[in-house]
Amino acid sequence: MAEPIDSALDLLRRLNPKDVKKNVDNIIELNPSLEEELLESVDIPLSVKRCSSTKRDFLCCDYNRDGDSWRSPWSNNFEPPIEEGITPSERIRKMEIKANEAFDVYRELYFEGGISSVYLWDMDDGFAGCVLLKKSVKGGSWDSIHVFDAQDRARTAHYKLTSTVILSLGTESEALGGLDLSGNMVRQIEQDMAVEDDGSHVANIGKMVEDMELKMRNLLQEVYFGKAKDVVGDLRSIPPLSQTNRDRQTQREMISSMSK
1 MAEPIDSALD
11 LLRRLNPKDV
21 KKNVDNIIEL
31 NPSLEEELLE
41 SVDIPLSVKR
51 CSSTKRDFLC
61 CDYNRDGDSW
71 RSPWSNNFEP
81 PIEEGITPSE
91 RIRKMEIKAN
101 EAFDVYRELY
111 FEGGISSVYL
121 WDMDDGFAGC
131 VLLKKSVKGG
141 SWDSIHVFDA
151 QDRARTAHYK
161 LTSTVILSLG
171 TESEALGGLD
181 LSGNMVRQIE
191 QDMAVEDDGS
201 HVANIGKMVE
211 DMELKMRNLL
221 QEVYFGKAKD
231 VVGDLRSIPP
241 LSQTNRDRQT
251 QREMISSMSK
C-alpha cells in the first residue's frame, strides 16, 4: 500500500498545475499530518507579505518560514512577530543583505517590476540559501525559486544550484475563447568558482542564477510557447471557415485544370 505522501504527490502530478496551491491546501485540510512534507516537496507560487518595519514587500517560502511566521529579508524580523525565530549568523546575514541589494537591481533590470527576496542560512561546511523572484501581470505570473548551497574550499567554493520556474498564463475573450498555459520546469547545475572574500560568493551566485534564468526562459519559450503555437495552429484557423473553404475549392480547381 502506498504511503499517504506518495499518493498525495502522485495526485498533484495529475491535476492542473495552475491550481497547485489550492490543491495542496485541500490535501492538507484532508490530512493535516502531511503539511510539512508537502510544503517541503511541492513548489507552489510564491506568496507576498509586507514587512511592518520597512514597509517593503517580501516573498514567502518554506525557507524563511518558522511555524506560521515568515522572516523579512529587509529587517530580519518575522511577520507576524514570534519569539526566538531562527535567523542567520552575523556573517551570513551581512552576505544576505548584499545579495538582496544585488538581486533587487537584477529584478528591476530584467523584470522591470516584481518582487525579489534572498534568504541565507548557515551550514557546517559553508552556507546555503535561496533566491526568489516573482512578477505578476494581468492573466498570469512568473515565479522562480533558486535554491543553492556553497561548500567552502581553499580559494574556491563548490556551488550546487537547483532552479524551479513556475509559469502561469491565461487569456479569455469572445473572439479567441479561453487559453490556459501553466506548468513548471526544474533544472540543476554544479560548479566550482574562485572565491576571494564573502563578496565573491554574492557575485558567483548572481552569475549562476542569471545564466540559469536565461537558459530556462529560452527553454520555456521553445517548449511552452512554440508547442502551444503549433497546437493552436493545427486546431483552428484565423480566417473564417467560408474563406478557407473557398481557398480549398480554388486550389482543387487549379490542380484539376493543370492535370488536364
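Residues 1 to 260 in the UniProt record's numbering are what the sequence shown spells out, letter by letter.
In this text, a Cβ means the ideal position worked out from N, Cα and C, and glycines have one as well.
Legend entry - Option nearest Ser53 by Cα separation, candidates Ala128, Phe78, Thr156, Ser47: Taking the first residue of the sequence shown as position 1, residue 53 is located at position 53. Per the Cα distances, Phe78.
Inset, instruction - Return the first residue and the last residue of the beta strand (DSSP E) that Val48 is part of. - result: As a working mapping, residue 48 is identified with position 48 in the sequence shown. Run containing Val48: 47–50, per the beta strand (DSSP E) assignment.
Legend entry - Option nearest Gln166 by Cα separation, candidates Trp142, Pro32, Phe148: If you number the sequence shown from 1, residue 166 lands on position 166. The amino acid at residue 166 is misidentified as Gln; the sequence shows Ile. The candidate whose alpha carbon is nearest that of Ile166 is Trp142.
Inset, instruction - Please say whether Pro88 and Asp43 have beta carbons closer to each other than 9 Å? - result: On the sequence shown, position 43 is the one that residue 43 refers to. On the sequence shown, position 88 is the one that residue 88 refers to. Their beta carbons are not under 9 Å apart, which means Asp43 does not touch Pro88 by this criterion.
Inset, instruction - Note the first and the last residue of the continuous alpha helix (DSSP H) segment covering Ile115. - result: Position 115 of the sequence shown, counting from 1, holds the residue named residue 115. DSSP places Ile115 in no alpha helix (DSSP H) but in the uninterrupted beta strand (DSSP E) bounded by 115–123.
Inset, instruction - Confirm, please, whether the CB-CB distance from Ala128 to Glu99 is below 9 Å. - result: Locating residue 99 in the sequence shown gives position 99, where the first residue counts as 1. Locating residue 128 in the sequence shown gives position 128, where the first residue counts as 1. According to the sequence displayed, residue 99 carries Ala and not Glu. The Cβ-Cβ distance between Ala99 and Ala128 does not fall below 9 Å.
Legend entry - Outcome for Pro81 when other beta-carbon atoms lying within 10 angstroms are tallied against a minimum of 16: The count along the sequence shown starts at 1 and reaches residue 81 at position 81. Looking at its Cβ environment, which holds fewer than 16 other Cβ atoms inside 10 Å, Pro81 is exposed.
Legend entry - Start-to-end residues for the alpha helix (DSSP H) that takes in Leu214: Numbered from 1 along the sequence shown, position 214 holds the residue referred to as residue 214. Counted as a single uninterrupted DSSP element, the alpha helix (DSSP H) harbouring Leu214 occupies residues 198–220.
Inset, instruction - Find the nearest neighbour of Asp19 within the set Ile5, Asp180, Thr162, judged by alpha-carbon distance. - result: On the sequence shown, position 19 is the one that residue 19 refers to. Selection Ile5, Asp180, Thr162 evaluated against Asp19 yields Asp180 as nearest (Cα-Cα).
Inset, instruction - Count the C-beta pairs between the region 111–120 and the region 17–35 that are closer than 8 Å, then say yes if the count reaches three, no if not. - result: Three or more beta-carbon pairs separated by less than 8 Å are not found between the region 111–120 and the region 17–35, which leaves the two stretches without contact.
Legend entry - Coarse secondary structure for Asp104, derived from DSSP in three states: Your numbering for residue 104 matches position 104 in the sequence shown. Asp104: helix per DSSP, three-state reduction.
Inset, instruction - Have a look at Leu220, Gln243, Cys51, Glu213 and flag the residue whose alpha-carbon is nearest the alpha-carbon of Arg107. - result: For the purposes of this step, residue 107 is identified with residue 107 of the sequence shown, where counting begins at 1. When only C-alpha atoms are compared, the closest one is Glu213.
Inset, instruction - State the CB to CB distance for the pair His201 and Ala157, rounded to an integer number of angstroms; the pair is presumed to be in contact (CB under 8 Å). - result: As a first step, residue 201 must be located in the sequence shown, where it is residue number 201. As a first step, residue 157 must be located in the sequence shown, where it is residue number 157. The pair is a contact, with the Cβ atoms about 7 Å apart (cut-off 8 Å).
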